[in-house]
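Visitor: Offset between the sequence shown (1-based) and the working numbering: plus 174.
Backbone N, C-alpha and C fix where the C-beta goes; we use that ideal spot for every residue, glycine too.
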Amino acid sequence: MTLMDAPNYDVAGAVLRRRIVFGLVFGIGFSILGWWFYCGTPKDWPNTWYTHRKGTIAVSRFMHAVENNQMEDAYGIWLNDPKWKTDGNEPLNYEYKKFLKDWGPNGEQNDFGVIHSHEITGQRVYGNVLVLGLLINDRKSGAVFLAYDPGTGQLGFSSVELYLGP
175 MTLMDAPNYD
185 VAGAVLRRRI
195 VFGLVFGIGF
205 SILGWWFYCG
215 TPKDWPNTWY
225 THRKGTIAVS
235 RFMHAVENNQ
245 MEDAYGIWLN
255 DPKWKTDGNE
265 PLNYEYKKFL
275 KDWGPNGEQN
285 DFGVIHSHEI
295 TGQRVYGNVL
305 VLGLLINDRK
315 SGAVFLAYDP
325 GTGQLGFSSV
335 ELYLGP
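(1) The beta strand (DSSP E) spanning Leu304 covers which residue range?
(2) Please classify Gly301 as buried or exposed, where buried requires at least 16 neighbouring CB atoms within 10 angstroms.
(3) In this structure, how does DSSP classify Ile289 when only helix, strand and coil are distinguished?
(4) Starting from Gln297, follow its DSSP beta bridges and name the residues at the other end.
(5) Using 8 angstroms for Cβ pairs, my map puts Gly307 next to Leu336. What's the rounded Cβ distance?
(6) Would Ala239 and Ile251 be called neighbours here (beta carbons separated by less than 8 angstroms)?
(7) Below 8 angstroms between beta carbons: does that hold for Thr295 and Ala317?
(8) Can you tell me where the beta strand (DSSP E) with Val189 in it begins and where it stops?
(9) List the whole-angstrom C-beta distance separating Leu274 from Met237, where the pair is believed to meet the contact cut-off of C-beta under 8 angstroms.
(10) Shortest alpha-carbon distance to Asp247 belongs to which of Ser333, Asn221, Trp277 and Leu309?
(11) State the Cα-Cα distance for the pair Thr326 and Asn254, rounded to the nearest angstrom.
(12) Check whether the Cβ of Gly203 lies closer than 7 angstroms to any heavy atom of the ligand COA, and answer yes or no.
(13) In whole angstroms, what separates the C-alpha of Lys272 from that of Glu264?
(14) What residue range does the alpha helix (DSSP H) around Leu253 cover?
(15) Please report the residue range of the alpha helix (DSSP H) in which Leu320 lies.
(16) For Gly330, which three-state DSSP category applies?
(17) Tell me which residues share the same chain as His290 and place their Cβ nearer than 7 angstroms to its Cβ, disregarding the 5 neighbours each side in the sequence.
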């Protein structure tokens, strides 16, 4: 075969290949962007986005139960065991009485009084847990930091505090 015997350029095939490549790149990029928005626009790496989503859902469910004064349900969400009362799986390190002192409306260690609103202002994966910063009752200072363990699904108080900005 010589140069003069080369096949003709297939314009339709080239256009089709280009459309397929651009369509795939656009589809994958759009899917990643959609997943990022669905997970709450986390600032961490993409492999932690699902942890952000699950942790945000767990903390929101917990805080809504506390706001509605459903303390037994909230304690079940805290332990990730909705049947904690019938199973007898109450942990010794954080008993229900202590939970009521911390989160109950008449709790001795509750600095917020009756909790009626919350806002998740920051979240970051630190080690193997997701640390979430909460502003309770529209406070601008004194955030509460909770830790969500994706392995067990339990909530806890975080020893790490996030910078939430000025």
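Guide: Concretely, from the data shown:
(1) Val303 to Ile310
(2) exposed
(3) coil
(4) Leu306
(5) 5 angstroms
(6) yes
(7) yes
(8) Element bounds for Val189: not the beta strand (DSSP E) but the alpha helix (DSSP H), Val185 to Tyr212.
(9) Their Cβ separation, rounded to whole angstroms, is 16 angstroms, which puts Leu274 and Met237 out of contact at 8 angstroms.
(10) Trp277
(11) 7 angstroms
(12) The ligand COA is absent from the structure shown, which contains no ligands of any kind.
(13) 11 angstroms
(14) Met245 to Leu253
(15) Taken as a continuous stretch (DSSP letters only), Leu320 belongs to no alpha helix (DSSP H), being part of the beta strand (DSSP E) at Val318 to Tyr322.
(16) strand
(17) Glu241 and Asn311
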